[in-house]
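K.L.:
Provided herewith is a single structure, encoded as C-alpha cells, for subsequent inquiry.
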Amino acid sequence: MTHQPTRRSMMALFGFMLFVAGAAQAEAPPARLANVTILATGGTIAGTGATSTTTVGYTAATVGVQALIKAVPELAKVAHVSGEQVFQIASENMDNEHWLTLAKRVNVLLAQSNVDGIVITHGTDTLEETAYFLDLVVKSRKPVVLVGAMRPSTALSADGPINLYNAVLLAASQEAVGKGVLVAMNDQIQAARDITKTNTSTLDAFRTPELGMLGYIQGSRPFFYRQSTRKHTIDTEFDVSALTALPQVDIVYGYANVGPVALDAFVAAGAKGIIHAGVGDGSLADKVLPALKAARAKGVLIVRASRVGQGILARNGEAKDDELDFVVADTLNAQKARILLMLALTRTGSSKEIQRMFYTY
Ligand code: SIN
C-alpha cells in the first residue's frame, strides 16, 4: 500500500529540514581569522606630540607595539594579532643592517604555518625603500603590508589607527596573497616598487605617479584593480639569509653647476656602486662625466637614474651607456635604484646582468 504525502506531512518535513539547517548553521565554526604579526619599527605612527594639534615638530617612535595594538580594539575583528617591537626608530635612521634584520625576521615568521601575514609599522620617510627591499627579498607569497602615519598618535584625527586597521585586514586577506609587498596608507593599496612619498605632511602623501595605485580599502574590504608586472618576492634571485652586510652604494645628484666632488668622495670611501640621479632623462654634466668614467674604470658600477621622479630612463639616450658600460634605472627612482643595485651586486659584477635585473624587478 502506498501513502500519498498529505499537505500536513509535507509541511512537517519542510519544518524539520529548516530546523536541521538552522541547527547546522548555529553549530558551524566561525570563519577562521587569519594570524597577523605586527612588526613595529617606529616612525610617526608611534609618535607623540606635545598637544593634540601638534602635527609637526613631534617626537617619532615613542609608543610601543602593544600600545599601538591596544589603541585599535577593532583589529580583533579581522585577525588574531600579535606584536613584536623590532626597532623603535625614526625612519631616517633606517640602514642596511636594519633591513637585513627585518627581512630575516619576516622570512622566519612567514615560514611558520601559524603566521598568515605580516604588517610592518614604519616611519613614512623611508617606508618606500624598506617596502621595495622586502619586495625583492621576502621568500613567501603571504601578504606583507607596510603602514605608517602622517600624523602622530596624539594628534586630532590621527591617521595611524585607521591605517593600521586597514593594513591588518589587508594582511589577513586572501586578495593580498601573491601580490608582493604592499603599502596601506590613506585607504589606498599601493605596490612597493612604484610607491613614493610625494608630500612632506599631508595625509595623501603616498602616490604611485602615473602607474597608479593597486586598489582601495573600503568598508573593511580590499578592492584590487591592477597589479605590477615586475617580479617580486618568491620570483626574485635575491637571498639575504646568509648576508651580514650589503655592498656600499651611494647616490649623487644632478643640478646646475654640479661638479665631481661628492662622486669622488663616495668612490674614495669605497663605494661599489653609484646611482647618478641626473637632471631630465639622466643627463650627465661635462664636469661629472670624467669622474664617472674613472669610477667605472676602477670597477664601480654606475647606474643612471633621474631626479625627475617619473618616466623611463632611456638607455643610450642622454649618454652612450653601451660604450660607457653604464646601467640605466628604468623607472626606479634613485633611492630604489640604490636598493636594487646593492642586491644585484650580491649576485654579480656584470653590468649586462645588472641591466637585465633593472628591466626585471
Ligand atoms: C619617520 O619617517 O620616522 C618620521 C616621519 C613619519 O613617520 O611620517
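In my numbering, each residue carries its 1-based index in the sequence shown increased by 3. By construction, the Cβ of each residue, glycine as well, lies at the ideal position given by its N, Cα and C atoms.
At 4 residues or longer, and completely inside the segment 83-170: list those alpha helix (DSSP H) runs for me, N to C.
P.N.:
Taking only runs of at least 4 residues, the alpha helix (DSSP H) segments lying wholly in the segment 83-170 are 99-113 and 130-140.
K.L.:
So who's on the other strand from residue 365, going by DSSP bridges?
P.N.:
In the structure as shown, the chain starts at 4 and stops at 364, and residue 365 therefore has no counterpart that could be examined.
K.L.:
Run the proximity test for residue 161: is its beta-carbon closer than 6 Å to any non-hydrogen atom belonging to the ligand SIN?
P.N.:
False, no ligand heavy atom lies under 6 Å from that Cβ.
K.L.:
Candidates 57, 51 and 55: which alpha carbon is nearest residue 71's?
P.N.:
Of the candidates 57, 51 and 55, the one whose C-alpha sits nearest the C-alpha of residue 71 is 51.
K.L.:
Can at least three beta-carbon pairs, one atom from the segment 299-315 and one from the segment 98-118, be found at a separation below 8 Å?
P.N.:
The segment 299-315 is not in contact with the segment 98-118.
K.L.:
List the residues that DSSP assigns as beta-bridge partners of residue 51.
P.N.:
BP columns for residue 51 point to 62.
K.L.:
Counting pairs of beta carbons, one from the segment 244-255 and one from the segment 205-219, are three or more of them closer than 8 Å?
P.N.:
No: the two stretches stay apart, fewer than three of their Cβ pairs being nearer than 8 Å.
K.L.:
From this set, 166, 229, 133 and 280, which residue's C-alpha is nearest residue 179's C-alpha?
P.N.:
When only C-alpha atoms are compared, the closest one is 229.
K.L.:
Could you check whether residue 250 and residue 275 sit closer than 7 Å to each other, using their CB atoms as the reference points?
P.N.:
For residue 275 and residue 250, yes; Cβs fall inside 7 Å.
K.L.:
Ignore the nearest five residues each way along the sequence and tell me which others in residue 87's own chain have a CB closer than 8 Å to its CB.
P.N.:
Here the set comprises 40, 41, 42, 43, 68 and 108.
K.L.:
Determine the contact status of residue 114 and residue 137, defining contact as a CB-CB distance below 7 Å.
P.N.:
Their beta carbons are not under 7 Å apart, which means residue 114 does not touch residue 137 by this criterion.
K.L.:
So residue 81 and residue 147 are in contact, right, with Cβ under 8 Å, and what is the actual spacing, rounded?
P.N.:
Not really, about 17 Å apart at Cβ, beyond 8 Å.
K.L.:
Does DSSP put residue 282 in a helix, in a strand, or in coil?
P.N.:
Strand at residue 282.
K.L.:
Can you give the Cα-Cα distance for residue 163 and residue 261, rounded to whole angstroms?
P.N.:
Answer to the nearest angstrom: the Cα atoms are 40 Å apart.
K.L.:
Measuring alpha carbon to alpha carbon, tell me which of 291, 128 and 235 ends up nearest residue 361.
P.N.:
For residue 361, the nearest C-alpha among the options comes from 235.
K.L.:
When the Cα atoms are used, what is the spatial distance from residue 205 to residue 152?
P.N.:
Their Cα atoms are separated by approximately 10 Å.
K.L.:
Residues in the same chain with beta-carbon distance under 6 Å from residue 143, minus the five sequence neighbours each way, listed in chain order, please.
P.N.:
Within the same chain, residue 143 has close Cβ partners 113.
K.L.:
Does the segment 182-196 come close enough to the segment 269-289 that 3 or more CB-CB pairs lie under 8 Å?
P.N.:
No, the segment 269-289 does not touch the segment 182-196.
K.L.:
Quick one: what's residue 38 bridged to in DSSP?
P.N.:
Bridge partners of residue 38: 83.
K.L.:
Closer than 6 Å by C-beta to residue 58: which residues in its own chain qualify, once you throw out the five before and the five after it? Chain order, please.
P.N.:
For residue 58, where only same-chain residues beyond five positions count, the Cβ hits under 6 Å are 154 and 158.
K.L.:
Contact check, residue 34 vs residue 175 under 8 Å by CB: the rounded distance?
P.N.:
At roughly 11 Å, the Cβ-Cβ gap does not stay under 8 Å, so residue 34 and residue 175 are not in contact.
K.L.:
Let me check you understand the geometry: is the CB of residue 195 closer than 6 Å to at least one non-hydrogen atom of the ligand SIN?
P.N.:
Residue 195 Cβ: outside cutoff for every heavy atom of the ligand SIN.
K.L.:
Based on the DSSP output, what are the partners of residue 193 in its beta bridges?
P.N.:
Bridge partners of residue 193: 186.
K.L.:
The ligand SIN and residue 156: does any heavy atom of the ligand fall closer than 6 Å to the residue's C-beta?
P.N.:
Answer for residue 156: no, Cβ out of range of the ligand SIN.
K.L.:
DSSP beta-bridge partners for residue 330?
P.N.:
Per DSSP, 306.
K.L.:
Just tell me which of 302, 194, 118 and 110 has its CA closest to the CA of residue 150.
P.N.:
Taking only the C-alpha atoms, the option nearest residue 150 is 194.
K.L.:
Exposed or buried, which one is residue 95 when buried takes at least 16 other CB atoms within 10 Å?
P.N.:
Label assigned to residue 95: exposed.
K.L.:
Should residue 329 be labelled buried (16 or more other beta-carbon atoms within 10 Å of its own) or exposed?
P.N.:
Result: buried.
K.L.:
For a minimum of 3 consecutive residues, which ranges assigned as the beta strand (DSSP E) are wholly contained in the segment 180-260?
P.N.:
Taking only runs of at least 3 residues, the beta strand (DSSP E) segments lying wholly in the segment 180-260 are 185-188, 191-194, 218-221, 224-227 and 252-256.
K.L.:
Could you round the C-beta distance between residue 208 and residue 127 to whole angstroms and report it? I think they count as a contact, below 8 Å.
P.N.:
With a Cβ gap of about 7 Å, residue 208 and residue 127 count as contacting.
K.L.:
Verify the CB distance criterion: does residue 249 have a CB-CB separation below 7 Å to chain B?
P.N.:
Absent here is chain B; the protein component of the structure consists of one chain.
K.L.:
Considering only C-alpha positions, which residue in the set 121, 133, 363 and 74 is nearest to residue 199?
P.N.:
Nearest option by C-alpha distance: 133.
K.L.:
Does DSSP put residue 24 in a helix, a strand or coil?
P.N.:
Legend: pLDDT at residue 24 = 46, less than 50; position of this residue unreliable, value from coordinates given subsequently. Helix.
K.L.:
Which of helix, strand or coil does DSSP assign to residue 315?
P.N.:
Coil, per DSSP.
K.L.:
Opposite residue 43 in the DSSP bridges: which residues?
P.N.:
Looking at the DSSP assignment, residue 43 forms a beta bridge with 88 and 124.
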